[in-house]
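Notes for the one structure printed next.
In this note's numbering, the protein residues as written are 31 to 384.
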């Protein structure tokens, strides 16, 4: 009987496990090092909500908050200082992972201000400010996949900065994100940057697709509808992986890869299971495939480590069945485009108030 842990098995498939959480307490306590050593965690994602939660708990930030207040810093300036300090400290902890993986992992993501989601120039400027302030090669700047965000992604990649593209729900937007990345790499190469040092992930939100579609299936209420519950999110992720494979098999991508570029890996986000009737590792095991990242809240990471059953590849042989799920939804009157456009709008709104 194998003694390999499920998280080790997942890593062996080619899935990079990132933790969707960060706090100074976690940094100072040695908790991150423990997750690296024991649970195969090789990166961290953050967002304003995560930092707000961290700031509200415990006393780890009290001294710095007092210092910043005494120095006359505004709330925005103080948050910038605190979050970039945490990301720099976490980046140092993950630096050995970064070095061992040639920059593929060991990444710590920090998000641009949500209010800049529709301001390309503002996003570009803040991405550069965050990159300079954190000043770690393994940092990654999170930029939302809004229309304006696409322009900012290209410019930021073109400046040699690694980017985590977030808030992706649809296959069409995923294609646009990949195009923005490739265009950025072309600009970076033309500007003389070493494109082998530039990395990117495309963060596809999984569970939110099921949450919205399952509501519509329940309203229909037929046996056929009920049988489709909790299948759309994984189907969508699997088809996103197919888009990834196709996009990086083109002549355009091949030219960049030959020059040392890295593929923009799909990252599965929103992987916590909200329905208690579902397996709590559903969004870990079902979209597992090589060259992907899964960023997990700690509860999902714990469940994965404890009892996830990992297959060698749960994706590449399932494109037909994934398309079948979307076709079946369409036959019931549930429009994929309508759902993903709604989720994009809601995601944008939630992002801006976070």
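We put the CB at the ideal spot given by N, CA and C, even for glycine.
- The continuous alpha helix (DSSP H) containing residue 93 extends over residues 92 to 100.
- For the set 311, 200, 119, 222, the Cα lying nearest the Cα of residue 367 is the one of 200.
- Secondary structure at residue 167: coil, using DSSP grouped into helix, strand and coil.
- Linking residue 241 to residue 260 through their CA atoms gives a straight-line distance of about 8 Å.
- Relative to the Cα of residue 267, the nearest Cα in the group 177, 248, 239, 293 belongs to 239.
- Residue 164 sits away from residue 262, with the two beta carbons spaced by 8 Å or more.
- Under the three-state reduction of DSSP output, residue 333 falls in the helix class.
- In the three-state reduction of the DSSP assignment, residue 47 falls in the strand class.
- The beta carbon of residue 340 lies closer than 7 Å to those of 36, 39, 40, 43, 315, 318 in the same chain, with the five residues before and after it left out.
- Where residue 363 is concerned, there is no enclosing beta strand (DSSP E), because DSSP gives it neither an H nor an E.
- The continuous beta strand (DSSP E) containing residue 230 extends over residues 230 to 235.
- A residue is called buried when at least 16 other Cβ atoms come within 10 angstroms of its Cβ; residue 302 meets this threshold and is buried.
- For residue 218, the enclosing alpha helix (DSSP H) starts and ends at 201 to 220.
- Rounded to whole angstroms, residue 375 and residue 144 show a C-alpha spacing of 14 Å.
- In this structure, residue 231 and residue 323 form a Cβ contact; the two beta carbons are roughly 5 Å apart against a cut-off of 8 Å.
- Between residue 264 and residue 363, the alpha-carbon positions lie close to 20 Å from each other.
- DSSP places residue 194 within a strand segment (E or B) once states are collapsed to three.
- Contact between residue 352 and residue 258 does not hold, since their C-beta atoms are separated by about 12 Å, which reaches or exceeds 8 Å.
- CA-CA distance, residue 245 to residue 202, rounds to 23 Å.
- The Cβ atoms of residue 188 and residue 168 lie no closer than 8 Å to each other.
- Looking at the DSSP output, residue 296 sits in a beta bridge with 232.
- With a threshold of 16 other beta carbon atoms within 10 Å, residue 89 falls short and is exposed.
- In the DSSP assignment, residue 140 is bridged to 171.
- Taking the Cα of residue 149 as reference, the smallest distance to any Cα among 175, 128, 293, 289 is reached at 175.
- About 6 Å separates the CB atoms of residue 141 and residue 78; that is less than 8 Å, so the two are in contact.
- One Cα belongs to residue 153, the other to residue 184, and the distance between them is close to 11 Å.
- For residue 322, the enclosing beta strand (DSSP E) starts and ends at 322 to 326.
- Within the same chain, Cβ atoms closer than 8 Å to the Cβ of residue 46 are found at 72, 73, 134, 135, 295, 322, 323, 324, the five residues on either side in sequence being excluded.
- Residue 297 is positioned such that its CB atom lies closer than 8 Å to that of residue 234.
- In the structure shown, the three-state DSSP call for residue 74 is strand.
- Pairing residue 292 with residue 48, the inter-Cα distance amounts to about 18 Å.
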